[in-house]
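When we follow full-length UniProt numbering, the leftmost residue of the sequence shown carries the number 1, and every step to the right adds one.
To keep things clear, I will list the structure first and then write my remarks on it.
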Amino acid sequence: MDDWNDYALILALYRAGTLRGAAITLGTTHTTVARRLALLQKRRDARVFEKVPGGYRATQFGEQLVSVAKKLEDIVLLSERLHLTSSDDLSGPLTLSLGEPMSQFLLVKELGEFARTYPNIQLKINSSTEFADLDKGEADVVIRGAHKLPEHLVGRRMFKLGLCFYAHKDYCQRVQKKDWRWIAPGNSAMWPEWLAESPYPDVPIGIVIDEIVTRFHAIAAGVGMGRAACFMGDVNEDMVRLPGSEPTQSYDIWVLTPPDLRDQPKVKLLMQFLIDALLRKQQLVEGQLPLQ
1 MDDWNDYALI
11 LALYRAGTLR
21 GAAITLGTTH
31 TTVARRLALL
41 QKRRDARVFE
51 KVPGGYRATQ
61 FGEQLVSVAK
71 KLEDIVLLSE
81 RLHLTSSDDL
91 SGPLTLSLGE
101 PMSQFLLVKE
111 LGEFARTYPN
121 IQLKINSSTE
131 FADLDKGEAD
141 VVIRGAHKLP
151 EHLVGRRMFK
161 LGLCFYAHKD
171 YCQRVQKKDW
181 RWIAPGNSAM
191 WPEWLAESPY
201 PDVPIGIVID
211 EIVTRFHAIA
221 AGVGMGRAAC
231 FMGDVNEDMV
241 RLPGSEPTQS
251 YDIWVLTPPD
261 LRDQPKVKLL
271 MQFLIDALLR
281 KQQLVEGQLP
291 LQ
């Protein structure tokens, strides 16, 4: 294969696992992705992906092509970054929307680094539990966690968010087991399912806290036991995973922009910056970081 677009297709389908997910990454339709995949496999006279329940999986030959594609991607991205950073269009306002936990606990230093590196870009951070509506111009770029997304948005599917059960490091020793209590989220519809997955499904709820960050601080303060993102809990020296609990994979994390903004130099620059930052922290986000 001599065409980078073929390798981009391979990477998109490998990372997304579905035609629709690959289509979002490539900014096209799932039927186009299916057609391009069929043509690619016909030209190579070999299967690159095989159909499995829920999507597609790379064959052994496909894994080899994925390895090559990743190396080519690094070269392409380096070239794009060199072009973008030399562009005269890297100025003016740029709005990023992301959840408060991610802005506070995962990317705050990186966002500061972006602002220092590109001082002519006025980066505005819209950090809240409400996702910005890209179609209404509420943001230029979003980092969004979701199982399903509007098909017209373009960007990159990263990886899944890891969640686990935590308590203050002294909680289980300091508090008698009969007095243990859960700190539950306000979305009570989800809590029974989460509770069933926990190592202590019979422990009652002691307090309900709707806001994610406040709930996390309550867990860290020893108010009770609770569930939190691994990128929050695993790096907090005052918290430990509850005995018997393992990270579970939640929704996918996406970096997205509207189609009409995808070619703006400053938008492309921010998106690639965020993608690189998230990739460096993939183990932490997924809950796979080795713990002491």
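Note that beta-carbon positions come from the ideal geometry of N, C-alpha and C, so glycine has one too.
- Rounded to whole angstroms, residue 100 and residue 264 show a C-alpha spacing of 26 Å.
- Here residue 117 is exposed. Its C-beta has fewer than 16 other C-beta atoms within 10 Å.
- Below 8 Å, too few C-beta pairs join the stretch 27 to 34 and the stretch 61 to 77 to call them touching: fewer than three.
- In the DSSP assignment, residue 126 falls within the unbroken beta strand (DSSP E) covering 121 to 127.
- Going by C-alpha positions, residue 11 is about 49 Å away from residue 175.
- Rounded to whole angstroms, the Cβ separation of residue 154 and residue 259 is 5 Å, and the two are in contact under 8 Å.
- Distances from the CA of residue 91 to each of 228, 125 and 115 were compared; the closest alpha carbon is that of 115.
- In this structure, the alpha-carbon of residue 42 lies about 14 Å from that of residue 50.
- In terms of Cβ geometry, residue 253 and residue 161 form a close pair [threshold 7 Å].
- Boundaries for residue 53: no beta strand (DSSP E) harbours it, and the DSSP string shows neither H nor E there.
- Pairing residue 191 with residue 164, the inter-Cα distance amounts to about 13 Å.
- Using a Cβ-Cβ distance cut-off of 8 Å, the stretch 225 to 242 and the stretch 277 to 289 are in contact, since at least three pairs of beta carbons, one from each stretch, lie closer than that value.
- One Cα belongs to residue 128, the other to residue 45, and the distance between them is close to 49 Å.
- The stretch 229 to 291 is shown to contain whole beta strand (DSSP E) runs of 3 or more residues at 239 to 241 and 248 to 257, in chain order.
- When rounded, the separation of the alpha-carbon atoms in residue 123 and residue 217 is 28 Å.
- Inside the stretch 165 to 220, DSSP marks whole alpha helix (DSSP H) runs of 4 or more residues at positions 171 to 174, 191 to 197 and 212 to 220, from first to last along the chain.
- In this structure, the alpha-carbon of residue 193 lies about 10 Å from that of residue 201.
- Boundaries cannot be given for residue 48, as no alpha helix (DSSP H) includes it and DSSP labels it neither H nor E.
- Going by DSSP, residue 117 is part of no beta strand (DSSP E) but of the alpha helix (DSSP H) stretching over 108 to 117.
- Beyond the five residues adjoining it in sequence on each side, residue 61 comes within less than 6 Å, by CB distance, of 46 in the same chain, given in chain order.
- When the alpha-carbon of residue 197 is set against those of 71, 105, 112 and 246, the nearest one is in 246.
- In this structure, DSSP gives residue 159 an extended state, which the three-state scheme calls strand.
- Taking the CA atoms as reference points, residue 28 sits about 10 Å from residue 21.
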